[in-house]
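First to last, the protein sequences are chains A and B.
Sequential numbering of the first sequence, starting at 78, is according to my numbering.
Sequential numbering of the second sequence, starting at 78, is according to my numbering.
Note that CB positions come from ideal geometry on N, CA and C, so glycine has one too.
Protein chains: 2
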Amino acid sequence: MTYGDKLEALAPATRRAVFERLAEGPASVGEIAAGLPVSRPAVSQHLKVLKDAALVTETRQGARRIYAIDPEGLGELRAYFDRFWDVALDQFKRSLEAKDS
Amino acid sequence: MTYGDKLEALAPATRRAVFERLAEGPASVGEIAAGLPVSRPAVSQHLKVLKDAALVTETRQGARRIYAIDPEGLGELRAYFDRFWDVALDQFKRSLEAKDS
DNA sequence: ATTATGCGTAAGTCTTGACTTACAGATTAG
DNA sequence: CTAATCTGTAAGTCAAGACTTACGCATAAT
Chain A
78 MTYGDKLEAL APATRRAVFE RLAEGPASVG EIAAGLPVSR PAVSQHLKVL KDAALVTETR
138 QGARRIYAID PEGLGELRAY FDRFWDVALD QFKRSLEAKD S
Chain B
78 MTYGDKLEAL APATRRAVFE RLAEGPASVG EIAAGLPVSR PAVSQHLKVL KDAALVTETR
138 QGARRIYAID PEGLGELRAY FDRFWDVALD QFKRSLEAKD S
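Laid out in structure tokens, this is it:
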């Protein structure tokens, strides 16, 4: 839900691999696990974290569950970095001006 | 250096607090530590991680070391999310069209 | 009705890493 | 020169969490 949750969710390499897999298109748990060197339950646990962080959506389709990237949650994270981006550029400009003097 | 390094660097709450402190302006290790509930060595260790991830720059100023946000490194991380942002929106549009049919 | 498929959860293991205190080097002040 | 300041690093502790296997519950197929 918070920025911190989203960042912590995307930090571990394997979980980020799950997320990046979904960037190629929605997929089920089994499909994702098939492309990764970890067990299916591990993928299931990672998806739960991503879902709780609102980075991924879950859609039941019969016995399967299709996961996809949540544009809204991703947008919030993007906005978080944009905020720093603005101040970072501003500070950088100031540091250059300080060197000129 | 990599996206993964940057994301792992910003995941822990305390280290992110260090980074966010630098968004308010460059500061020394002691100044940063004064505003946080952790020891100064802890802050020093966090800054090393942020610096290795190219999210922060270090400038020696006498005995002190001034840290500041690195716009270049932050920009790379921002670009990483923009990449996903594009595909996420595209997928979202497709999912809506699929529902219409 | 059984069997098979797909999945989430519980329980346990084991590594990672965030923190502490103690120490040593480098720079500035008196 | 000596003392004070600012910092990085070493070593050790301890909790968090990324995995595993085992299990149980749904839905789908035969």
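Put simply, of A:I109, A:R141, A:Q168, A:P148 the residue whose alpha carbon is nearest the alpha carbon of L173 of chain B is A:P148. Taken through DSSP and simplified to helix, strand or coil, E174 of chain A comes out as helix. Checking the DSSP bridge columns, you'll see R137 of chain B partnered with B:R142. For the segment 125–147 of chain B, the set of residues with a beta-carbon nearer than 7 Å to any beta-carbon of chain A comprises A145, I146, in chain order.
The residue among A:F96, A:R93, A:A88 with its C-alpha nearest the C-alpha of R93 of chain B is A:A88.
Ranked by how close their Cα comes to the Cα of K170 of chain B, the residues A:G102, A:D129, A:S121 have A:G102 in first place. In the DSSP assignment, S116 of chain A falls outside any alpha helix (DSSP H), carrying neither H nor E.
In this structure, DSSP gives A104 of chain A an extended state, which the three-state scheme calls strand. Cβ proximity to chain A below 9 Å picks out R93, F96, E97, L99, A100, E101, G102, P103 from the segment 91–107 of chain B. Contact of E85 of chain A with chain B by beta-carbon distance below 7 Å involves A88. Chain order gives no chain B residues near Q122 of chain A, where near means a beta carbon separation below 9 Å; the closest approach is about 17 Å. At a cut-off of 8 Å between C-beta atoms, R117 of chain A does not count as an interface residue with respect to chain B.
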